[in-house]
Amino acid sequence: MLTTQLVEKKQKIVVAYSGGLDTSVMIRWLKDKYHAEIITVTGNLGQAKELAGLKEKAYKTGAWKFYIKDVKREFVREYIFPALKASALYEKAYPLATALGRPLLAKLLVEVARREKATMVAHGCTGKGNDQVRFEVSIAALAPDLKVLAPLREWEFKSREEEIDYAKRHRIPVKATVESPYSIDENIWGTSIECGILEDPTVEPPTDVFQHTVAPEQAPHKPEYVTISFEKGIPVGLNGKKLDAVQLIHKLNDIGGAHGVGRIDLVENRLVGIKSREIYEAPAATILHFAHTELERLTLDKQVFNFKSLIAQEYANLVYNGLWYSPLKNALDAFVEETQRTVTGTVKMKLYKGAMTVVARTSPYSLYSAKLATYREEDQFDHKASSGFIKIFGLPLKTFRQVQKNGLTRKKRPHSKIHS
Ligand code: ARG
28 MLTTQLVEKK QKIVVAYSGG LDTSVMIRWL KDKYHAEIIT VTGNLGQAKE
78 LAGLKEKAYK TGAWKFYIKD VKREFVREYI FPALKASALY EKAYPLATAL
128 GRPLLAKLLV EVARREKATM VAHGCTGKGN DQVRFEVSIA ALAPDLKVLA
178 PLREWEFKSR EEEIDYAKRH RIPVKATVES PYSIDENIWG TSIECGILED
228 PTVEPPTDVF QHTVAPEQAP HKPEYVTISF EKGIPVGLNG KKLDAVQLIH
278 KLNDIGGAHG VGRIDLVENR LVGIKSREIY EAPAATILHF AHTELERLTL
328 DKQVFNFKSL IAQEYANLVY NGLWYSPLKN ALDAFVEETQ RTVTGTVKMK
378 LYKGAMTVVA RTSPYSLYSA KLATYREEDQ FDHKASSGFI KIFGLPLKTF
428 RQVQKNGLTR KKRPHSKIHS
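So for the sequence shown, my numbering puts the first residue at 28; every next one is plus one.
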């Protein structure tokens with residue numbers, strides 16, 4: 028006689044995995060709570076952190092399957108460069124390294140969830156940061172049916188020590204080395220560092236905060252020149268040589284870092300309503316944003332240049348707030364793309380002890396006309412035309428003053444010394 032045995036099919040949860048304490052503990056915790064198979068996913072966004080050995084670690088921790096994908100190229104082309112072209116700096120300062128990485132990681136999670144027919148995805152973000160919003164809004168936009176779990180928002184552990192204790196009890200491998208007092212997120216576009224003493228905005232960051240840049244006062248006594256070539260708003264070469272995008276960014280991180288360029292100390296407004304203090308190291312992003320804008324000064328029409336700065340702010344807000352996969356983002360991209368048709372040329376910069384200055388710029392689309400700008404004999408500017416222009420340009424103010432003089436607007440102040 029045949030006995031049919033009901034084999035319960037386990038659910039599958041896709042977990043964004045870094046190999047750190049939180050995501051390691053998460054594997055086991057989710058497995059127990061949901062009685063599920065855990066599939067870990069790691070994206071290589073160009074972080075300096077060693078990714079070798081991660082697979083073994085994930086399996087030892089209890090993962091059922093492990094995925095790792097090198098998405099550096101996609102990150103640079105599809106996320107970093109559009110933001111660079113848009114001149115997106117959050118609150119005029121932060122090049123958005125962490126914020127740009129999240130939508131790509133979310134996409135990766137969704138891809139794996141689809142392939143594995145998983146119904147849930149989980150991330151290791153805390154309940155008071157921006158990253159939880161970025162992950163969850165991105166996943167909602169890409170795969171509205173997927174359920175998102177955020178164990179850090181609901182689990183019982185009150186401290187790192189309690190997590191370590193849990194890890195030990197469950198034989199989860201955790202690093203024996205002393206943990207950094209900082210929370211660090213890192214990719215090719217920059218490093219974000221917070222927590223520890225940095226939470227006090229009155230304190231200068233101690234030297235051990237910085238991983239990739241030297242202090243300006245330790246930088247070489249000789250300046251270094253770098254020339255960056257752009258094509259349609261995208262950096263394509265360094266010092267006259269064509270360079271692959273990923274290599275170019277790595278190289279500029281090294282050069283800039285060696286000169287103490289790209290350190291940012293920022294009190295910023297988080298989406299969840301609080302101000303936080305974060306230290307960023309982003310030499311390549313800092314240099315490229317600066318150079319790109321200098322080239323736009325040369326090649327963009329005045330109105331486009333000025334209008335675009337409004338778009339830049341909107342674009343930065345949208346990236347910061349996790350709205351990468353939004354219709355507004357696509358519409359803004361279309362605008363930006365149109366402006367970049369002439370942003371081709373070179374910008375030469377001087378790096379010296381933490382500072383960066385532009386020294387030369389060239390472009391086949393340069394709108395700078397020497398004949399119009401010069402004060403020498405070759406001058407072709409029609410000086411006489413200015414008088415008519417000024418007459419009409421100043422007409423509204425002239426009219427305003429005449430009307431005001433007749434006492435039709437504001438009354439004189441009682442103690443005014445001006446007599447008419
Ligand atoms: N404040 C940055 C942002 O919201 C970085 C967040 C992650 N920072 C960190 N140190 N883990 O994009």
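Backbone N, C-alpha and C define an ideal beta-carbon position, used for all residues, glycine too. Quick caveat, the model's predicted, so the values are computed rather than measured.
Residue from the options with nearest C-alpha to residue i
i	options	result
Trp56	Leu136, Arg180, Glu118	Arg180
Tyr252	Val374, Leu78, Pro171, Asp292	Val374
Phe408	Pro171, Ser396, Leu135	Ser396
Tyr307	His319, Leu72, Val288, Leu325	Val288
Val148	Asn357, Thr69, Pro228	Thr69
Leu48	Tyr121, Ser186, Ala110	Ser186
Ala167	Gly300, Ile65, Lys39, Ser353	Ser353
Ala177	Ala387, Ala311, Lys60	Lys60
Glu77	Tyr94, Gly46, Tyr86, Phe93	Gly46
Thr88	Thr50, Tyr117, Phe102	Thr50
Tyr106	Val41, Thr366, Leu394, Pro122	Pro122
His286	Gly300, Thr313, Glu206, Thr366	Thr313
Ile276	Ala311, Ile261, Ala387, Glu101	Ala311
Asp369	Asp406, Ala343, Arg324	Checking the displayed sequence, the identity of residue 369 turns out to be Thr instead of Asp. Here the closest residue by C-alpha is Arg324.
Phe93	Leu116, Leu111, Thr67	Thr67
Ala318	Arg388, Pro200, Ala110, Leu350	Arg388
Ala115	Cys222, Ala133, Lys377, Leu315	Leu315
Segment limits, beta strand (DSSP E) that includes residue i
i	result
Gln274	Unbroken run through Gln274 is the alpha helix (DSSP H), 272-285; no beta strand (DSSP E).
Ala113	No beta strand (DSSP E) holds Ala113; DSSP gives it neither H nor E.
Tyr379	372-379
Ala43	38-43
Glu105	It is not in any beta strand (DSSP E) - Glu105 carries neither H nor E in the DSSP assignment.
Gly128	It is not in any beta strand (DSSP E) - Gly128 instead sits in the alpha helix (DSSP H) that spans 124-143.
Separation of residue j from residue i, as counted between CA atoms
i	j	result
Glu83	Pro243	40 Å
Asp360	Ala113	8 Å
Gly415	Tyr392	30 Å
Glu364	Ala126	21 Å
Arg304	Ile65	34 Å
Arg290	His62	45 Å
Thr384	Gly151	40 Å
Ala246	Asn280	14 Å
Pro423	Gln431	12 Å
Thr371	Leu337	22 Å
Leu298	Lys202	32 Å
Asp158	Asp212	11 Å
Gly156	Val346	14 Å
Ala412	Phe420	12 Å
Leu355	Lys335	15 Å
Thr401	Glu321	20 Å
Thr240	Phe257	25 Å
Ala272	Ile40	34 Å
Ile261	Lys195	48 Å
Ser165	Ile255	33 Å
Pro208	Asp328	48 Å
Bounding residues of the alpha helix (DSSP H) (the contiguous stretch that carries residue i)
i	result
Gly267	Note, Gly267: premise wrong, no alpha helix (DSSP H); not H, not E.
Gln340	329-347
Gln431	422-432
Asp360	354-366
Glu404	It is not in any alpha helix (DSSP H) - Glu404 carries neither H nor E in the DSSP assignment.
Ile191	187-196
Thr153	Where Thr153 is concerned, there is no enclosing alpha helix (DSSP H), given that its DSSP letter is neither H nor E.
Backbone secondary structure at residue i - three-state DSSP
i	result
Leu173	coil
Tyr209	coil
Asp453	Missing from the structure shown is residue 453; the chain here goes from 28 to 447 and no further.
Arg297	coil
Phe257	strand
Glu308	strand
Met28	Any reading at Met28 is ruled out, since the residue's pLDDT is 46, under 50, leaving its predicted position unreliable.
Phe184	coil
Ile199	coil
Tyr392	coil
Tyr94	strand
Lys84	helix
Thr146	coil
Gly415	helix
Val288	coil
Residue i: CB within 7 Å of a non-hydrogen atom of ligand 2
i	result
His239	The model depicted lacks ligand 2 and carries ligand 1 instead.
Problem set entry | Check your reading: residues with Cβ closer than 5 Å to ligand 1 heavy atoms | Thr125, Ala126, Asn157, Ser210, Asp212, Ser219, Glu221, Glu305
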